[in-house]
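Enquirer: One structure, as structure tokens, below. Some questions next.
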Amino acid sequence: MIYDAAVIGGGPGGYVAAIRAAQLGGKVLLVEKEAIGGVCLNRGCIPTKTLLKSAEKWEDLKRSSEFGLQAEGIGFDFGVVMARKNAVVTQLRSGIEQLVKSNDIDVVRGVAVLTGANRLEVATPDSGKIESFEARKIIIATGSVPSSIPVPGRDLPAVITSDELLALTEVPKSMLVIGAGVVGIEFSAIMRSFGCEVTVVEMLPNILPNVDSDLVKRMGLILRKLGIKMLVGARVTAIEAADNGVIVTVDTGKDRQQLHVEKVLVATGRRPMLEDLGLEATGVTYDRSGITVNERMETSIADIYAIGDVTGRNMLAHVASTAGIVAAENAMGLSSLMDYGAVPACIFTTPEIATVGLTEQDALAARLNVKVSKFNFAANGKAVSMGETDGLVKIVADANNGKVLGMHILGPHASDLIMEGTLAIRNNLTARDIANTIHPHPTLSETVMESAHGIDGDIIHQIRPKRKK
1 MIYDAAVIGG GPGGYVAAIR AAQLGGKVLL VEKEAIGGVC LNRGCIPTKT
51 LLKSAEKWED LKRSSEFGLQ AEGIGFDFGV VMARKNAVVT QLRSGIEQLV
101 KSNDIDVVRG VAVLTGANRL EVATPDSGKI ESFEARKIII ATGSVPSSIP
151 VPGRDLPAVI TSDELLALTE VPKSMLVIGA GVVGIEFSAI MRSFGCEVTV
201 VEMLPNILPN VDSDLVKRMG LILRKLGIKM LVGARVTAIE AADNGVIVTV
251 DTGKDRQQLH VEKVLVATGR RPMLEDLGLE ATGVTYDRSG ITVNERMETS
301 IADIYAIGDV TGRNMLAHVA STAGIVAAEN AMGLSSLMDY GAVPACIFTT
351 PEIATVGLTE QDALAARLNV KVSKFNFAAN GKAVSMGETD GLVKIVADAN
401 NGKVLGMHIL GPHASDLIME GTLAIRNNLT ARDIANTIHP HPTLSETVME
451 SAHGIDGDII HQIRPKRKK
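Its first residue numbered 1, the sequence shown is counted upward by one per residue in the UniProt record's numbering.
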């Protein structure tokens, strides 16, 4: 049998591509070496957010007296927390498997190797049997793996990645996190909520690179208030085995510190999964940063597409899914283009961070003439009633025509609120378009409306500075 499309990798890009190709009438093969859903579902987005919800519930219990509630003898069972995480993952994975099955997609478990532009071999993990397949189009969606660190001691058992952290059965007493990006900060906040003493080490001058500086400053204060220690502009130079953990040497630029911790979490980013894929046999152009593709998700070789993390661009699950649809539609004869102009990114801390478009720093660096507006959650009725007033909504707009260029949110449900900014940027809307749209009251969405009003200097629920006489 010759398949219309063969998809290598069953993550959020791969399984979506397979389903879309099948919807368009294709006979589709999906190859996955581990579990459907990829890193995002099994060892990333979903399990992390499930742990975060447990951490948030725990924090709510500790604050219950603020809401007139009495909670005595409270505690948590980390084993049950992890069991719930596993149950959520299993439920969602089962749902995806049913979706794939309902679209008559052939699923093969194993490791795929390309042997040509239209051919691949799959070695099944159990039997070791090798099967050969042929497809008119091939979509590569192999994802990424955690990056390593060039530090002595990195292979010690106490040094773990996010994969191993999500398999822990007990909360470590102490943990040093290498890297203050999304993964490092999310796990730092979660583990701190459960009582772990957390120290974060970041080589750059600030945490959360590429996030607007106003949000970074406020989040830094929030994390320190939680008791998380942060060493920025610092680097880990050595890790040595010790009783009940390891000793980590940190060069802060001013001195050298030695910290004794139970675990070290390496959260220095991810790299495309390119090894043992057989790319050399196809002639596909790639380098260490990923497979080269165009806006149709086509590689340098006709009939081969690549999507998601393996391309090295915008390593986000929702970007991979969108790219999967684009690749599948092009593979099946339609004409679709990938648009990276409005890609939202979220950081699931408490409160959340969400961002889309240009930061104020980006705009100034590009010498754009912009207006900036900020509105605090502390002035929003719903946020006050929830007792969640940390944060702000910041909008960056073109000063000439009011078009929204960026939106940056730190606050409750920021990951949901950011879609208004994403839609505005995607459709070239102005801040006035948002401001003139009726928003329901009392809701958190009013913070976006108020910030949009501010581009023209007319925020309603904000005390105006006294005018000079």
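Heads up, the beta-carbon is just placed ideally off N, CA and C, and yes, glycines get one too.
1) Considering just the uninterrupted stretch of the beta strand (DSSP E) at Lys-371, what are its terminal residues?
2) According to DSSP, Cys-40 sits in a beta bridge with which residue or residues?
3) Go ahead and label Leu-223 buried or exposed: buried means 16 or more other beta carbons lie within 10 angstroms of its beta carbon, across all protein chains shown.
4) Could you give the C-beta distance for Lys-382 and Thr-443, rounded to a whole number, given that I count them as a contact under 8 Å?
5) Go ahead and pull the three-state DSSP assignment for Thr-447.
6) So what does DSSP say about Arg-133, is it helix, strand or coil?
7) Spatial neighbours of Val-89 within its chain, please: CB distance less than 7 Å, with the 5 preceding and 5 following residues excluded, ordered by chain position.
8) Please confirm if the segment 295-305 is in contact with the segment 331-345, defined as three or more CB-CB distances below 8 Å between the two stretches.
9) In angstroms, rounded to a whole number, what distance separates the CA positions of Ser-147 and Ser-321?
10) So, are the CB atoms of Val-232 and Pro-205 less than 8 Å apart?
11) Closest by CA to Gly-10, which one among Leu-24, Ile-36, Val-28 and Gln-91?
12) For residue 473, name the three-state secondary structure that DSSP assigns.
13) Have a look at Gln-91 and Arg-313 and give me their C-alpha separation to the nearest angstrom.
14) How is Leu-337 classed by DSSP in three states: helix, strand or coil?
15) Please classify Asp-309: is it buried, with 16 or more other beta-carbons within 10 angstroms of its beta-carbon, or exposed?
16) Please classify Lys-137: is it buried, with 16 or more other beta-carbons within 10 angstroms of its beta-carbon, or exposed?
17) Could you check the C-alpha separation between Asp-106 and Gly-44 for me, to the nearest Å?
18) My parser needs the alpha helix (DSSP H) runs of 4 or more residues fully inside the segment 163-227; what are they?
19) Where does Lys-403 fall in DSSP's three states?
20) Alpha carbon to alpha carbon, how far is Val-201 from His-260? Give it in angstroms, no decimals.
21) Would DSSP call Asp-287 helix, strand or coil?
22) Exposed or buried, what is Glu-186 when buried is set at 16 or more other beta-carbons lying within 10 Å of its beta-carbon?
23) Between the segment 409-416 and the segment 348-356, can you find at least three pairs of beta-carbon atoms closer than 8 Å?
24) To the nearest angstrom, how far is the alpha carbon of Gln-462 from that of Lys-374?
25) Using 8 Å for Cβ pairs, my map puts Ala-6 next to Val-31. What's the rounded Cβ distance?
26) Using three-state DSSP, classify Glu-32 as helix, strand or coil.
27) Provide the residue(s) that pair with Gly-73 in DSSP beta bridges, ordered along the chain.
28) Can you tell me whether Pro-172 is buried or exposed, with buried defined as 16 or more other CB within 10 angstroms of its CB?
29) Specify the secondary structure class of Met-230 as computed by DSSP and reduced to three states.
30) Please give the ranges of any beta strand (DSSP E) in the segment 63-108, keeping only runs that are unbroken, at least 3 residues long and fully inside the region.
31) Please state the DSSP three-state secondary structure of Ser-144.
32) State the start and end residues of the unbroken beta strand (DSSP E) segment that holds Glu-352.
33) Do you know how far the Cα of Asn-380 is from the Cα of Gly-68?
34) For Ala-431 and Val-404, which I take to be in contact (beta-carbon distance under 8 Å), what is that distance rounded to the nearest angstrom?
35) If you check the beta carbons only, do Val-264 and Ile-239 fall under 8 Å apart?
36) Quick check on DSSP: helix, strand or coil for Thr-50?
Expert: The short version:
1) Following the DSSP letters along the chain, one finds Lys-371 inside the beta strand (DSSP E) bounded by residues 370-376.
2) In DSSP, Cys-40 forms no bridge with anything.
3) Around the beta carbon of Leu-223, a 10 Å sphere encloses 16 or more other beta carbons of the protein chains shown; the residue is thus reported as buried.
4) Indeed they touch by this definition, with Cβ atoms about 5 Å apart.
5) Thr-447 falls in the helix class under three-state DSSP.
6) Looking at the sequence provided, one finds Phe at residue 133 rather than Arg. Here Phe-133 sits in strand by DSSP.
7) Here the set comprises Leu-41, Asn-42, Ile-46 and Pro-47.
8) Two segments are said to touch when three or more pairs of C-beta atoms, one from each, lie closer than 8 Å; by this definition the segment 295-305 touches the segment 331-345.
9) Cα to Cα, Ser-147 sits roughly 22 Å from Ser-321.
10) In contact: Val-232 and Pro-205 (Cβ atoms closer than 8 Å).
11) Minimum Cα distance to Gly-10 is reached at Ile-36.
12) Because the chain spans 1 through 469 in this model, residue 473 falls outside it and cannot be assessed.
13) In a straight line, the C-alpha of Gln-91 is about 30 Å away from that of Arg-313.
14) Leu-337 falls in the coil class under three-state DSSP.
15) So Asp-309 counts as buried.
16) Counting Cβ neighbours within 10 Å, Lys-137 comes out buried, since at least 16 surround it.
17) Answer to the nearest angstrom: the Cα atoms are 25 Å apart.
18) Correct list: 182-193 and 213-226.
19) Of the three classes helix, strand and coil, the one that applies to Lys-403 here is strand, per DSSP.
20) CA-CA distance, His-260 to Val-201, rounds to 14 Å.
21) Asp-287 falls in the strand class under three-state DSSP.
22) Buried.
23) Touching, yes.
24) Going from the Cα of Gln-462 to the Cα of Lys-374 covers about 10 Å.
25) Between the beta-carbon of Ala-6 and that of Val-31 there is about 7 Å, and that keeps the pair under the 8 Å contact cut.
26) Of the three classes helix, strand and coil, the one that applies to Glu-32 here is strand, per DSSP.
27) According to DSSP, which records beta bridges pairwise, Gly-73 is partnered with nothing at all.
28) Burial call: buried.
29) In the structure shown, Met-230 sits in a strand (DSSP, three-state: E or B).
30) Listed in chain order, there is nothing to give.
31) If DSSP states are grouped into helix, strand and coil, Ser-144 belongs with the strands.
32) Glu-352 -> beta strand (DSSP E) spans 352-357.
33) Near 21 Å, if we compare the C-alpha coordinates of Asn-380 and Gly-68.
34) Confirmed, Cβ separation roughly 6 Å.
35) Yes. Within cutoff.
36) Helix, per DSSP.
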